[in-house]
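> Protein chains in written order, with numbering that gives the first Met the number 0: chain Z, 0 to 201; chain C, 0 to 201. Before I ask anything, let me first share the structure, which is written out below as structure tokens.
There are 2 protein chains.
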Amino acid sequence: MPRAGLTPDLVVAEASRLSDEKGFEALSLAAVAKRFGVATPSLYKHVDGLTGLRREVSLRAVTELGDRLQGAAVGRSGPDAVRALFGAYRAYAHEHPGGYAATQRGAAPTDHEAYAAFARPVEVIAAVLRGFDIPEARMVHTIRALRSAVHGFVDLEAHGGFRMPEDIDESYDVLVEGFIHVLERRPGHTGHGAEEAEEGEN
Amino acid sequence: MPRAGLTPDLVVAEASRLSDEKGFEALSLAAVAKRFGVATPSLYKHVDGLTGLRREVSLRAVTELGDRLQGAAVGRSGPDAVRALFGAYRAYAHEHPGGYAATQRGAAPTDHEAYAAFARPVEVIAAVLRGFDIPEARMVHTIRALRSAVHGFVDLEAHGGFRMPEDIDESYDVLVEGFIHVLERRPGHTGHGAEEAEEGEN
DNA sequence: GCTAGAAAGCTAACGCCAATAGCTAACGGC
DNA sequence: GCCGTTAGCTATTGGCGTTAGCTTTCTAGC
């Protein structure tokens, strides 16, 4: 009997595809094995159980998301960069719903590799926001606000939370432009601030 | 052997408690049964399987969330009402993490009872926003933006997405005040709008 | 107070999944 | 062409959801 020729990368790639098609919650070792025409236990030779597989899918997804954000932001600045960021973020979630969902399961605090991977998208956001006149003490709060806005919209949309007939793209525009408006005309204001800290998941 | 005295309400209440303690994903018939000192199949006399139990927990949660929002908004208007809304929303998520998570699994389109229940929190938000000078064509988009902001923040926070040392309450303030700022000083602007529609999940 | 029927909770059994142990056969280096 | 490595297998265990069918408790009505 010839071998299936699996590798960790192949398995994770197929798992990512599967979770994009059926949802991240539907990701199972049995389903992945079936796709390769292989028995479930065989996957253990390439992946550390279901937990490990989920972790790898998350890592892959968050890395790709980071790349996309970076790609969107490069060469732009100010409001344009923010628009590009918002756009790329939602586009990724549309193209890879399972991957985006995987992105939401944070990494264990001890898992340094995952920790770093999860920090990257945030770093890109931070870089873009530095183009605005935001006091250091407000930086982290602003990053968190942006992340909340994007993620909230994308997540609600993905779960079918917007049921009215109004155009969803237009709603996103309203959100994005509203956010930019605050960024531009509201640089300071709350003077009492904490000191700054370095990169990481804000 | 005396009976356990279960009722649908008791079962759902215990399930809600369990999912608040261990997470909505950890909700299982087996775990609920164990809490009552009862065999798993016994629960089928009160609840329509795991799917049904999840639905009931969701309904209960979304109803309570709606009540909380309403309670927070009543007697207030304008920015104060928005602040109260944001506050109550996050407070609910803190007190009932499992319930809040349950809230995110939307209802089936055919499930009219659930549909109505899920619409209620949105109706409260809509009522509060009517206190601002927002063009009808922009209303739904604004509601969606608010929901995105709150949910995004709460969801990221719940999943441990804010890892920097900065105070999270303060971040929430920044988000809330930013949103209010847009509401107050940016009533119109994009003139091209759709027509209005009635309540429902926006 | 007794009885009959409704219904609560039980055990048994099946299928699906994750996971571990241990076998076998295919592959690659020499 | 041989041999060690290892990919993939089968067998098995344990947990879960679900259905079927039984027994026993409770309660309504006489």
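Here a beta-carbon is modelled for each residue, glycine too, at the ideal position from N, C-alpha and C. Just so we're clear, the structure is a prediction, and the values are computed from it rather than from any experiment.
Within this structure, are the beta carbons of alanine 148/Z and phenylalanine 178/Z separated by less than 7 Å?
Result yes, Cβ atoms of alanine 148/Z and phenylalanine 178/Z sit closer than 7 Å.
> Could you compute how far the alpha carbon of threonine 109/Z sits from the alpha carbon of alanine 90/Z?
The alpha-carbon atoms of threonine 109/Z and alanine 90/Z are separated by roughly 31 Å.
> Give the range of the alpha helix (DSSP H) segment to which proline 78/C is assigned.
Secondary structure note for proline 78/C: its alpha helix (DSSP H) is the uninterrupted segment 77-94.
> I'd like the list of long-range same chain contacts for leucine 130/Z, defined as Cβ closer than 7 Å, with 5 residues on each side in sequence excluded.
Inspection of the sequence shows that residue 130/Z is occupied by glycine rather than by leucine. Here the set comprises Ser76, Gly77 and Ala80.
> When the cut-off is 7 Å and only beta carbons count, does glycine 97/C lie next to chain Z?
Taking a beta-carbon distance threshold of 7 Å, glycine 97/C does not count as an interface residue toward chain Z.
> The alpha helix (DSSP H) that contains histidine 150/Z, what's its start and end?
135-157
> Assuming the contact rule is C-beta atoms closer than 8 Å, histidine 150/Z and valine 173/C should be a hit. Round their C-beta distance to whole Å, please.
So it is not a contact: roughly 16 Å between Cβ atoms.
> What residue does the alpha helix (DSSP H) around histidine 180/Z start on, and which one ends it?
167-184
> Run through DSSP, which three-state label would aspartate 132/C get?
Looking at aspartate 132/C - three-state DSSP - the assignment turns out to be coil, as it is neither helix nor strand.
> Which residue comes first and which comes last in the alpha helix (DSSP H) that contains serine 27/C?
No alpha helix (DSSP H) contains serine 27/C, which DSSP labels as neither H nor E.
> Can you tell me where the alpha helix (DSSP H) with glycine 51/Z in it begins and where it stops?
48-72
> Near glycine 65/C, which residues of its chain fall below 7 Å by C-beta distance, leaving aside the five closest residues on each side in sequence?
Arg119, Pro120 and Val123
> Could you compute how far the alpha carbon of phenylalanine 161/Z sits from the alpha carbon of glutamine 103/C?
12 Å
> Can you tell me whether DSSP reads histidine 111/C as helix, strand or coil?
helix
> Say whether chain Z places a C-beta atom closer than 7 Å to the C-beta of glycine 77/C.
Glycine 77/C does not count as touching chain Z.
> Near phenylalanine 259/Z, which residues of its chain fall below 7 Å by C-beta distance, leaving aside the five closest residues on each side in sequence?
Summary: the structure shown does not reach residue 259/Z, with chain Z confined to residues 0 through 201, and so no result is reported for it.
> Exposed or buried, what is tyrosine 43/Z when buried is set at 16 or more other beta-carbons lying within 10 Å of its beta-carbon?
By the Cβ-count criterion, tyrosine 43/Z is exposed, with fewer than 16 other Cβ atoms from all chains shown falling within 10 Å of its own Cβ.
> Excluding five sequence neighbours on each side, which residues of the same chain lie with their C-beta closer than 7 Å to the C-beta of tyrosine 88/C?
Leu68, Val149 and Val153
> Going by the beta-carbon positions, is the gap between alanine 127/C and leucine 84/C smaller than 7 Å?
Note that residue 127/C is valine in the sequence shown, not alanine. Closer than 7 Å, so yes.
> Measure the C-alpha to C-alpha separation of arginine 34/C and tyrosine 171/C and round it to an integer number of angstroms.
Rounded to whole angstroms, arginine 34/C to tyrosine 171/C spans 36 Å at the Cα level.
> Within 10 angstroms of the Cβ of valine 73/Z, are there 16 or more other Cβ atoms? Answer buried if so, exposed if not.
exposed
> Under a CB-based cut-off of 7 Å, is histidine 150/C close to chain Z?
yes
> Within 10 angstroms of its Cβ, does glutamate 194/C collect 16 or more other Cβ (buried), or is it exposed?
Because glutamate 194/C carries a pLDDT of 37, less than 50, the predicted location of this residue cannot be relied on, and the following value inherits that uncertainty. Residue environment analysis places glutamate 194/C among the exposed positions, since fewer than 16 neighbouring C-beta atoms fall within 10 angstroms of its C-beta.
> Does histidine 158/C come within less than 7 Å of chain Z when only Cβ atoms are used?
yes
> On the premise that alanine 71/Z lies in contact with glycine 86/Z, defined as a C-beta separation below 8 Å, what is that separation, rounded to the nearest angstrom?
The distance from the Cβ of glycine 86/Z to that of alanine 71/Z is about 7 Å, consistent with a contact at the 8 Å cut-off.
> Alpha carbon to alpha carbon, how far is methionine 138/C from arginine 82/Z? Give it in angstroms, no decimals.
22 Å
> What do you reckon, are the CB atoms on valine 56/Z and serine 15/Z nearer than 7 Å?
It is a contact, given that the beta carbons lie within the stated cut-off.
> Leaving aside the five residues before and after alanine 38/Z along the sequence, list all residues of the same chain whose C-beta is less than 8 Å from its C-beta, in chain order.
Ala32
> Where valine 61/C and alanine 115/C are concerned, what is the direct C-alpha to C-alpha distance, given to the nearest angstrom?
10 Å
> Run through chain Z and tell me which residues come within less than 7 Å of glycine 86/C, C-beta to C-beta.
Within chain Z, no residue comes near glycine 86/C; the closest Cβ sits about 15 Å away, beyond 7 Å.
> Against threonine 141/C, what residues of chain Z qualify as contacts under a CB-to-CB distance less than 8 Å, listed in chain order?
Val173
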